[in-house]
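Number of protein chains: 4
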Amino acid sequence: MSKYLELKRQAFEANMELNARGLVVYTWGNVSQIDRAEGVIAIKPSGVAYADMQVDDIVVVDLDNNIVEGAMRPSSDTRTHTHLYRHFDAIGGVTHTHSTYATAWAQAQESIPCLGTTHADYAYGAIPCTAVMSDAQIARDYEEETGVQITDCYKDRNPVESPMVIIAGHAPFTWGKDAAQSVSHAVILEEIAKMAYLTRTLKRDVAPLKQGIIDKHYLRKHGKNAYYGQS
Amino acid sequence: MSKYLELKRQAFEANMELNARGLVVYTWGNVSQIDRAEGVIAIKPSGVAYADMQVDDIVVVDLDNNIVEGAMRPSSDTRTHTHLYRHFDAIGGVTHTHSTYATAWAQAQESIPCLGTTHADYAYGAIPCTAVMSDAQIARDYEEETGVQITDCYKDRNPVESPMVIIAGHAPFTWGKDAAQSVSHAVILEEIAKMAYLTRTLKRDVAPLKQGIIDKHYLRKHGKNAYYGQS
Amino acid sequence: MSKYLELKRQAFEANMELNARGLVVYTWGNVSQIDRAEGVIAIKPSGVAYADMQVDDIVVVDLDNNIVEGAMRPSSDTRTHTHLYRHFDAIGGVTHTHSTYATAWAQAQESIPCLGTTHADYAYGAIPCTAVMSDAQIARDYEEETGVQITDCYKDRNPVESPMVIIAGHAPFTWGKDAAQSVSHAVILEEIAKMAYLTRTLKRDVAPLKQGIIDKHYLRKHGKNAYYGQS
Amino acid sequence: MSKYLELKRQAFEANMELNARGLVVYTWGNVSQIDRAEGVIAIKPSGVAYADMQVDDIVVVDLDNNIVEGAMRPSSDTRTHTHLYRHFDAIGGVTHTHSTYATAWAQAQESIPCLGTTHADYAYGAIPCTAVMSDAQIARDYEEETGVQITDCYKDRNPVESPMVIIAGHAPFTWGKDAAQSVSHAVILEEIAKMAYLTRTLKRDVAPLKQGIIDKHYLRKHGKNAYYGQS
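Residue numbers (this note's numbering), protein chains in the order written: chain U, 10 to 240; chain D, 10 to 240; chain Y, 10 to 240; chain S, 10 to 240.
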């Protein structure tokens, strides 16, 4: 029996949850989870329909993108996932979607401003939009460079406090402590992106939420004095 | 057996109905109901998934926010609920959501104008948007002050005639004679907010409904000469 | 057994279909069907939930709005329905909804221009928006005058060729050869209204469809040389 | 037994899939598949409800629009389908819908610009909008001329690389290697059209995706060096 079975099972369940939440058209989107001790990730196979996917179709690759276990080709976005795991030590799962409203912001090549407490509860400050990829980057290694686009945004940002990003002209990536949380962040990002779209089209010159409320909401759910939830 | 069982059951059913109506993402949103004779309310526990929630998870607190019964921590918005029950004598249930279109208006920090009879049937005049919370209020007691933001809007407004409000930069609260009616008002507010969004983006300078029709529609469903429904 | 049973059954089925098509929030909306020989209509009772409604709850009223059969109060919009049946000889069913996009156009107080063949297949020319009701009309007989608002739009229009109308500041009415067709027209109007909303917000100065295509599409589905469908 | 049974079955399944994907209101939309060896296509009958349709209702016609097999009248859009099959040698299936967002772009009479990689993955460059049909064309043969409108757009375009088009003032057509793929292209077009609508209304002056990314994305899914999927 595979020593990666539990890892693969968690990646599989998270991919199925992403589909069940209605964020996926056909085979778009993929979720991975890392086993830091083993130095491997489990990720969706490329182009496989969710209805047909089995736990054993999940591919295990190391952080240099070599296949460790699995008969199928891993997601074509795998090199972006591994780039994120190599640079963000604290994350355990990554999700990529083309969810509709988040993708619209990516296509508009604009960061999503923090306009309300729904956003402030999950992401600290604006959800950043990366720079447009240069021709040199495209020629070099497109999927790896998509990762570079993301990590370039986090030189002065904490990936745990801002677990959502949109790639200019492309679509979002989210992450979390594990694959399941990265999926919930993808679901929440889509809702935040929709609310921000509606707000902006309702009132073009809307101001971001005041800093004091951003701090209050983020801290009531996160950090050592958090008082939301049951622990 | 708990003497609050029936109260808890009604709060539980109303919370489940809120989720069934599609107004909730994950654990967002909470509903409470009051027992005026006992001076207590029953409210959703904080951060519990709807699929897992049981009647016994509902928390009973008094109007000073002390837990009277229940093993879980009550909703982090409890202090806003109790503030409303203390100040609005005629209400029996309160609902808080982050429903998409109502939240967009809250984020735009604008009251929802009465643009049609759908709105006029349920809320008299514009659905007010509160002021933005001051830094002093945030520092003092955020959830209690959210209640103050609301009651400040009702100095010259009747909460029974206007059972819907939106908090600037945050989201809506609604209320009613009991928890179930507060939920139906949350559902209706979301539909009114969507219609108003569509109307405003279709025609930026649209005028509010004329006062004569506002009065006619509100009075044909409410007051002693109402002739809508079966009683 | 009631001699109106079949009429009531058809009105009942059409009301249930309206709800099943997702055009109804709670008890909003009502459908009727006429028996011209008997001079009566069957219509939804006022304020009754669709889930609870039975065939026997359908109310039969004559064209002067007197109850002929039924224990419940008929829809509060009954006088609008009977006004339409009295003035439009060729119609057999009437539907009233507050469907979202059609209502947004009503609230914007604008006729829905014919922007494409989807519209042209079902309604000839713009879908008219009535005038705003005068104070004198509101005081006189609100629901009867809602009918007057509609028939005023049809002095130079054929109700069979234009079976959809929106009431300024209110919502749509549709009709057809029977209750079932009036419901399908309500469903189609909502889709036409949504498409027109999207088109207008995408391109503010969009021109109506050219007259030659309007004529072509209407005539390929209607009239003696129609060639759409199976007969 | 019909020698066209398998062809009819595939056309039937594709029509049912179109409906299951939520792209159809009532009987709107139709799908066909060609058998190049036999010189015939199988297509949906005109105006038949999806819930009632059987495999045997599918109509087989030759490329001159003569019925070869079937008791029903074929789709009123049949002449557009056969025009496409006669002019685009490489296609095996055609789908026509009035899907909401793609139709809005058609009504706005604008091509859908390539704003992101979701679009670039499936269609190379803008999705073209045809010219408005001339009065002479309408008088001549409306459905055949709808085909001419499309093929006129492909004088300098490859139909395999751009399998989606919108007809000015009307709605989209898509195609693929078979009926099933033409349906998936219809589903994807609707999503692309929605994303482009949201992007454009969010930011009026948004620029198309840079050419280097368009090329990269199209080529990673198509052509001899493609590396998306499992073969």
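All C-beta atoms, glycine included, are put in the ideal place defined by N, C-alpha and C.
Since we're looking at a predicted model, the values are computed, not measured.
Residues of chain S whose Cβ lies closer than 8 Å to the Cβ of Y/I197 are, in chain order, V34 and Y35. Per the DSSP secondary-structure output, U/Q42 pairs in a beta bridge with U/A51 and U/G102. Interface with chain D (8 Å Cβ-Cβ cutoff): Y/Q116 is included. Look at Y/C162 here: in three-state DSSP terms it is coil, with no helix or strand label. Apart from sequence neighbours up to five positions away, the residues of its chain that approach U/A132 with a beta-carbon distance below 6 Å are S171 and M173, ordered along the chain. Contact between the stretch 219-234 of chain D and the stretch 221-231 of chain Y is not established, with fewer than three Cβ pairs separated by less than 8 Å. Look at U/F182 here: in three-state DSSP terms it is strand. Distance between Y/D161 and Y/T139, taken at the CA atoms: about 8 Å. Under the DSSP assignment, D/I222 falls outside any beta strand (DSSP E), being part of the alpha helix (DSSP H) whose first and last residues are Q220 to K230. Counting only the Cα atoms, U/G56 lies some 17 Å from U/E22.
U/G102 and S/V196 have their alpha carbons spaced roughly 29 Å apart. For D/I76, the beta-bridge partners assigned by DSSP are D/V70. DSSP places U/V174 inside the beta strand (DSSP E), whose first and last residues are M173 to I175. D/G178 places its beta carbon 8 Å or farther from that of U/I136. Residue environment for U/A180: buried (at least 16 other C-beta atoms within 10 angstroms of its C-beta). For U/C123, DSSP assigns no beta-bridge partner whatsoever.
Excluding its 5 nearest sequence neighbours in each direction, S/S120 has C-beta neighbours in its own chain below 7 Å: A135, I136, P137 and C138, listed in chain order.
Proximity of chain Y to S/I223 at the Cβ level (cut-off 7 Å) is not reached, the minimal Cβ distance being about 22 Å.
Between S/A117 and Y/K212 a beta carbon distance of about 4 Å is seen, short of the 8 Å cut, so the two are scored as contacting. Closer than 9 Å at the C-beta level to chain Y, one finds these residues of the stretch 51-65 of chain S: P54, S55, G56 and V57. Identification of chain S residues near Y/Y236 by a Cβ-Cβ cut-off of 9 Å yields S55, R82 and S85, ordered along the chain.
By alpha-carbon distance to U/A29, the top candidate from U/P54, U/E153, U/Q158 and U/A60 is U/A60. Any Cβ of chain D closer than 8 Å to the Cβ of Y/I147 would place that residue at the interface, and such an atom is present.
Using a CB distance cut-off of 8 Å, Y/V141 counts as an interface residue toward chain D. Looking from the CA of D/A235, the closest CA among D/Q42, D/D130, D/I159 and D/N39 belongs to D/D130. Between Y/T91 and Y/T155 the beta-carbon gap is near 11 Å, outside 8 Å, which marks them as no contact.
Beta-bridge partners of U/I201 (DSSP): none assigned. Excluding its 5 nearest sequence neighbours in each direction, U/T183 has C-beta neighbours in its own chain below 7 Å: T104, P172, M173, S191, H194, A195 and L198, listed in chain order. Among the residues of chain S, those whose CB is under 7 Å from the CB of U/E119 are K212, following chain order.
Under the Cβ criterion of 8 Å, S/K219 is counted among the residues facing chain U.
Neighbours of S/S193 across chain U, judged by C-beta separation under 8 Å: Y35. The straight-line gap separating the alpha-carbon atoms of Y/M10 and D/A58 is approximately 51 Å. Within the model, the alpha-carbon separation for Y/N24 versus D/I76 is close to 47 Å. Y/H96: member of the alpha helix (DSSP H) spanning T87 to H96, first to last residue.
Contacts between U/G125 and chain D, judged by CB atoms closer than 8 Å, involve T112, A115, Q116, G178, H179 and A180 in chain order.
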